[in-house]
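One rule links them: number in my numbering = place in the sequence shown (from 1) + 1. Have a look at the structure below before the remarks.
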Amino acid sequence: MNLTCSPSVSYFDSPSFITWALHFVTVISTPIHFIGLYCILWKTPEEMKSAKWYLLNLHIWMIFFDYSVSFFTIPIVLMPAFAGIPLGILHAFNVSGVVQALIVLLFLGYVIASIIFIFENRFYTICVFASTDVGVFASPNFLSISLRVVSGLSIPIHLFGMYAILLKTPDNMRALKWYLASLHIWTVLFDYAMSVFAIPVLLFPEFAGYPLGLFKVLNADYYAYLVVIEFVFIGYVLVSIIAIFENQFYTVCSFTGKTHWASLRRSWLVFHYFFATAICISFGGFVPEQTQARKNVFQRVFFIALVIQTGLPLITLVVPFAYSWVSVIWRYYNQGLMNIAVIVTTVHGVSSTLVMLLVHRPYRNALISAFSIRSTSKTQGSSRRNAFKMSVKVSQIKTI
């Protein structure tokens, strides 16, 4: 007896369906993500400035998470076996499936962490709670006096260190001399920036504070620049340490391509200084305004909008993960539903961006004004064309 088995497989179960669907989601979501990025960077009002960079951080990680699924991996998930087959661009470059799964989970973790950061920032901004700082160690005077004493005691030590590096470095350490001098100079600048010019009273866990040093004469709006200077000096200290170890590695070790690396060392070092500068400057964006008269009503409305912005799109994550959990518990396999669950997951970023553009009034007004300007320009253009046609007809009639 010949038996034939015809499995019930639809187009929704095929790799072609999930591939084309995720490509479609990528194409549709890209302009929406750019609109959201534009609104966050250039349409965020002063009242939302303290949350601007948190929103930007969340938006960027959501974009990375969406593209990691819909473009770079395109996973065919085989539940309940906890297995899968990647079809994305990383598969074409022979990237391991385990590495691709870790990339997706890493970006998902960053999205969740960014959401937590936003709500922690709102909690600290809105809520008022009693301070637990007691005693002399919590007073600004203790910090100011201590740092000034440290700076005074460190002056002769720093000068002696510079003297030893410049004039007492032996010949067998000559290759390391200027690397040590660079590290020493940046360390001195960082120390005095902290203990003389800034003397910062830090108000953690918020990225806030105020200076007691020479920079206290500045307006509070410029405190962010002070933070940037501190971070830049820290970055330069770290780069100087890396440069010392790189120099020793190059001097002591023999490796393939050492001759080629010799021509790249200076460019490599300059790149690290520029990279440290760019990274450290970006930290200034997380410094909220220090002297703002916040209105509790606006902050509560903003908080509700954030709840809506993060809560509604979470459905696109909760539903697919809930289905996956049910599939594992009941040992149920349906590739079509699993493909749809993956597609719904990739909609999280674009749905979050759309909700953000709609629930926050400044972004919503920016979109409305943009569309109204376009419609107005089109109306004016058509009216001008009609007026031109009428003038042509009148001139023709007069000629006749």
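C-beta atoms are modelled at their ideal positions from N, C-alpha and C, and glycine is treated no differently. Every value quoted in this text rests on a predicted model; they were computed, and no experiment measured them.
*Does DSSP classify V348 as helix, strand or coil?*
coil
*asked:* Quick test of your reading: G85 and L79, contact by CB under 8 Å. State the CB separation rounded to the nearest angstrom.
replied: A Cβ-Cβ distance of about 6 Å is found for the pair G85 and L79, placing them in contact under the 8 Å criterion.
*asked:* Can you tell me whether F73 is buried or exposed? The criterion is at least 16 other CB atoms within 10 Å of its CB, across all chains shown.
replied: A buried status is given to F73, since no fewer than 16 other beta-carbon atoms sit within 10 Å of its beta-carbon.
_Bounding residues of the beta strand (DSSP E) (the contiguous stretch that carries V96)_ = Note, V96: premise wrong, no beta strand (DSSP E); not H, not E.
*Report the rounded CA-to-CA distance for Y211 versus A194, giving the unit in angstroms.*
14 Å
_Taking the alpha-carbon of L75 as reference, which of L103, G89, Y333 has the nearest alpha-carbon?_
Note that residue 75 is Ile in the sequence shown here, rather than Leu. Minimum Cα distance to I75 is reached at G89.
_Determine whether the beta carbon atoms of T278 and V329 lie at a separation below 8 Å._
Cβ atoms of T278 and V329: not closer than 8 Å.
*Could you tell me which residues DSSP puts in a beta bridge with P81?*
Per DSSP, none; premise fails for P81.
*Applying the criterion that 16 or more other CB atoms from any shown protein chain within 10 Å of the CB defines a buried residue, is F372 buried or exposed?*
exposed
*asked:* Measuring only the C-alpha atoms, how far is N58 from E121?
replied: 14 Å
*Whose C-alpha, out of L359, A263, F18, is nearest the C-alpha of I305?*
L359
_Three-state secondary structure (DSSP) of Y251_ = In the structure shown, the three-state DSSP call for Y251 is helix.
*S51 - containing alpha helix (DSSP H), residue span*: 50-68
*Since S115 contacts W62 with CB under 8 Å, what's their CB separation in whole angstroms?*
5 Å
*Using only the heavy atoms of the ligand ATP, determine whether one of them is closer than 7 Å to the beta carbon of L38.*
Looking for the ligand ATP in the displayed structure turns up nothing, as the structure carries no ligands at all.
*For the segment 344-360 against the segment 14-34, are there 3 or more C-beta pairs whose distance is under 8 Å?*
The segment 344-360, when compared against the segment 14-34, does touch it at the 8 Å Cβ threshold.
*Proximity to H24 [Cα-Cα], best of E48, D67, S71*: S71
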